[in-house]
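**Q** I am attaching a structure below and will ask some questions about it afterwards.
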Amino acid sequence: MGFFGLEMGKQSLMSQQTAIDVTGHNIANANTDGYSRQIADIQSTSYASTKYGTIGSGADVTGIERVRDEFLDDRMIKEKQEKAKWDVRESNLKHLQYIINEPSDQSVRYILDEYWSSLHDLSQNPEDRSIRITVKERAVDLANTVNNTYEQLTALKDDVNNNVAIKVTDINSKLKQIAGINAQIEKVESDGAKANDLRDKRDLLVEDLSKDVNVSVSRGTEYSVIIGGRTAVQGSNYTELKTVKDTKVNGGMYQIKWSDTDKEIYLKNGELKGLVELRDKDINKYTDYLDQLAVGLIDNTNELHKAGFDINGQKGNDFFGEFDTYDETMDLDSDGVSEGAIYKVKGSTVIDDSEVSALSTDTDISSATGDFEINGIQIEYDTDKDTASDLINRINDQETGVVASMGPNNRLILRGEKDSNYVIKSLKDSSGSLLQELGVLTSGNTEYNYEDTTTLAALSSDRTARPKPGAASKMYVAIDSVDGIAAAKGTDTNGDGIADTANASGDGSNAMDIGDLKYQKSIGKYTYADYFESLVSDLGVTAQQASRFSGNQQVLIDNLEQRRQSKIGVSLDEEMANMIKYQHGYNAAAKYISTMNSMLDTLINKL
């Protein structure tokens, strides 16, 4: 009989004890984040041959395995990084909505309406000093509100930019930790053991990292973490990210690059992608909205105000302070070559802007049919049929990137739109010479092209260069005294088409024209109210989209987590049942050893 049975009993006892220990470990970590249920893998040991045949030699624990589903892990990583992007967008877009502050009596739109209303009041009582004071106060209030809204947006942009740097530091810390855990796992598993708890810790870190940036993993010979298509961690080695200020294009905002190659990383998902999108896309969009609103208000108001007359019969000056502009030539596309950067051109010819009289009734305009091009788009005309209003409407209907209007002194004005970078790219008399006759192009010059700066000489000298960003942050009321508000129009006494003498006392028609800007499509196809409404609507839709996508992702994640926990999660009921099972096995093994001991005692001592 020998001691074979005792050895088999001992192995059984140890196997059941190990299984109980693993069960206890599972119970202890039932509420530990990232913990995967572990199982003692008990296998029968090699058999022994006897003259009666083969006989088993018992069982042993061949390993302690953790329960894990790599497919679900990869799905969870993918969905969490998508959700994290929408989460950070949702929270910051809500902040944007608070800044825009619609609807409220402190919003830009409300105060703008108050400003228009005060101008209409002034048109009825142009010499009433109290109304003049109200106009100036409303204008100051409007400028301050635009300033403050813009400053809050730029402050939010700076905060988001700082969060980008913080997030990169956090990512680098996690990459370092993952590489360190890889080294520990390699050391523990070099003799064939399984570092289950370390693997859980690593998986939890990677899942946490997936909220920050788009990652994937490779479970080959060396565990690797991949960010944006490039390996960031391979075994115990890792490569950090770094932030570099972009001083050329993006106003000193941080670019995210690899520390060893200086190449930008590819961002697709995660909080980092959400932050960069917010900073470079969403916030920029709304600061651009405000800038365009400010540029339009300043330019159109000043154009009318300077053509009017103040309470003392003097020609009006700028109502709002002029916005800053670039030089007429600049490198627009960062290719090292300068282009023309003209925002506005005013024709030199005074024409009849009537909706009744054809253009050719003006002595400066010849009777002709033809066409001209604006930014490469053809505009046809017949001066014997088309009025100035017809021509302006036709230009604006073509979406050339240029808006046409009639100035207060009956001169055609062309302005580059925001979507065209506030730049008029080209003007050309293709067939005929209408642009020359209108004084937009100088006599004898048929074409202006912004790519050829020598053609700037072809443009009317009454022109304005491209506005600099930040017009909304610097908007202010320029008139010192309320007496300087040019509420009245004047009369042309010398025949040059420009009013030089103020109308009689009590005329408020110029204030009416400025107030009527409210109803004109002064910003592309939009009135000021429509334009601001489009801003608010766009922001609302964008915020709702972020909220909806975040919610959809949460549903996916909850479903995946439920499926995953059904496999890897610790069930206390199941573990208690296992503990009882292994306890009975342990007791049985002990009873077996006791029986074998009794048999050996009889054999040795009693025979």
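full-length UniProt numbering applies: residue 1 is where the sequence shown begins, and numbers increase by one.
Beta carbons: idealized from backbone N, C-alpha and C, even for Gly.
Would Leu267 pass as a contact of Asn163 if the rule is Cβ separation under 8 angstroms?
**A** Not in contact: Leu267 and Asn163 (Cβ atoms no closer than 8 angstroms).
**Q** Could you check what DSSP says for Gly270 in three-state terms: helix, strand or coil?
**A** Helix at Gly270.
**Q** Please list, in chain order, all residues of the same chain as Thr527 whose beta carbon is under 8 angstroms from its beta carbon, the five residues on each side excluded.
**A** Correct list, in chain order: Lys518, Tyr519, Gln520 and Lys521.
**Q** Leaving out five residues before and five after Thr455 in sequence, what residues of the same chain have Cβ atoms less than 6 angstroms from its Cβ?
**A** These residues qualify, in order along the chain: Tyr448 and Asn449.
**Q** Among Ser594, Leu600, Phe532 and Ile557, which residue has its Cα nearest to the Cα of Pro103?
**A** Nearest C-alpha to Pro103: Phe532.
**Q** Are Tyr150 and Thr301 touching if we call contact CB-CB under 8 angstroms?
**A** No; because the gap between Cβ atoms is not below 8 angstroms, this pair is not in contact.
**Q** Quick check on Phe562: buried or exposed, where buried means 16 or more other Cβ atoms within 10 Å of its Cβ?
**A** Reading the sequence as shown, one finds Gln at residue 562 and not Phe. Flag for Gln562 reads exposed.
**Q** Strictly by DSSP, which residues pair up with Asn597?
**A** DSSP lists no partner for Asn597.
**Q** From the DSSP output, read off the bridge partner residues of Val233.
**A** In DSSP, Val233 forms a bridge with Val225 and Tyr238.
**Q** Any beta carbon of chain C sitting closer than 8 angstroms to that of Trp258?
**A** The displayed structure is made up of one protein chain only, and chain C is not part of it.
**Q** Please tell me whether, using a cut-off of 7 angstroms, the distance from the CB of Arg129 to the nearest non-hydrogen atom of the ligand HEM is below it.
**A** Absence of the ligand HEM from the depicted structure is noted, as is the absence of any ligand whatsoever, leaving it without description.
**Q** What distance in whole Å lies between the Cβ atoms of Arg89 and Leu278, which are believed to be in contact at a cut-off of 8 angstroms?
**A** Right, the Cβ-Cβ distance comes to about 6 angstroms (below 8 angstroms), so this counts as a contact.
**Q** Can you tell me whether Asp262 is buried or exposed? The criterion is at least 16 other CB atoms within 10 Å of its CB, across all chains shown.
**A** Result: exposed.
**Q** Should Leu603 be labelled buried (16 or more other beta-carbon atoms within 10 Å of its own) or exposed?
**A** It counts as exposed.
**Q** Quick one, are the C-beta atoms of Glu127 and Gly506 less than 8 angstroms apart?
**A** Yes, Cβ-Cβ distance for Glu127 and Gly506 is below 8 angstroms.
**Q** Do Leu560 and Met76 have their beta-carbon atoms positioned less than 8 angstroms apart in this structure?
**A** Closer than 8 angstroms, so yes.
**Q** Please report the straight-line C-alpha distance between Met8 and Gln43, rounded to a whole angstrom.
**A** Cα-Cα distance, rounded: 13 angstroms.
**Q** How far does the beta strand (DSSP E) with Asp371 in it extend, from its first residue to its last?
**A** Unbroken beta strand (DSSP E) run through Asp371: Thr369 to Ile374.
**Q** Between which residues of its own chain and Leu205 is the CB-CB distance below 8 angstroms, once the five residues before and five after are set aside?
**A** Hits under 8 angstroms: Lys174, Gln177, Ile178 and Ile181.
**Q** Got a sec? Which residues, its chain only, sit under 8 angstroms from Ala143 by beta carbon, not counting five neighbours each side?
**A** Phe320, Met475, Tyr476 and Val477.
**Q** Buried or exposed for Lys51, going by 16 or more other Cβ atoms inside 10 Å?
**A** So Lys51 counts as exposed.
**Q** Rounded to whole angstroms, what is the Cα-Cα separation between Thr221 and Arg66?
**A** Cα to Cα, the separation comes out at about 19 angstroms.
**Q** Helix, strand or coil: which one does DSSP assign to Leu332?
**A** Note: Leu332 maps to coil in three-state DSSP.
**Q** Taking three-plus beta-carbon pairs below 8 angstroms as touching, is the stretch 105-115 in contact with the stretch 562-577?
**A** Flag = no, the stretch 105-115 and the stretch 562-577 do not touch.
**Q** To the nearest angstrom, report how far apart Asp384 and Lys418 are at their CA atoms.
**A** Cα-Cα distance, rounded: 33 angstroms.
**Q** Could you give the C-beta distance for Lys425 and Tyr326, rounded to a whole number, given that I count them as a contact under 8 angstroms?
**A** Not a contact, Cβ separation roughly 15 angstroms.
**Q** Ser218: which of Gln124, Asp74, Thr369 and Ser91 sits nearest, CA to CA?
**A** Answer by Cα proximity: Asp74.
**Q** Could you compute how far the alpha carbon of Lys306 sits from the alpha carbon of Val295?
**A** Roughly 16 angstroms between the two C-alpha positions.
**Q** Using the Cα positions of Ile479 and Ala465, report the straight-line distance between them to the nearest angstrom.
**A** About 23 angstroms.
**Q** What residue from Asn409, Glu399 and Glu303 has the CA that sits closest to Asp352's CA?
**A** Closest option to Asp352, Cα to Cα, is Asn409.
**Q** Enumerate in chain order the residues of its own chain whose CB-to-CB distance from Ser57 is below 7 angstroms, with the five nearest sequence positions on each side excluded.
**A** Around Ser57: Met8, Thr45, Ser46, Tyr47 and Ala48.
**Q** Check Lys80 in the structure and name its three-state DSSP category.
**A** Helix, per DSSP.
**Q** So what does DSSP say about Ile604, is it helix, strand or coil?
**A** Residue state, collapsed to three classes: helix.
**Q** Output the distance between the C-alpha atoms of Ala472 and Leu290, rounded to the nearest integer angstrom.
**A** For Ala472 and Leu290, the distance between alpha carbons rounds to 6 angstroms.
**Q** Going by the beta-carbon positions, is the gap between Phe309 and Gly316 smaller than 8 angstroms?
**A** Cβ atoms of Phe309 and Gly316: closer than 8 angstroms.
**Q** On the three-state DSSP scale, how would you describe Ser550?
**A** In the structure shown, Ser550 sits in a helix (DSSP, three-state: H, G or I).
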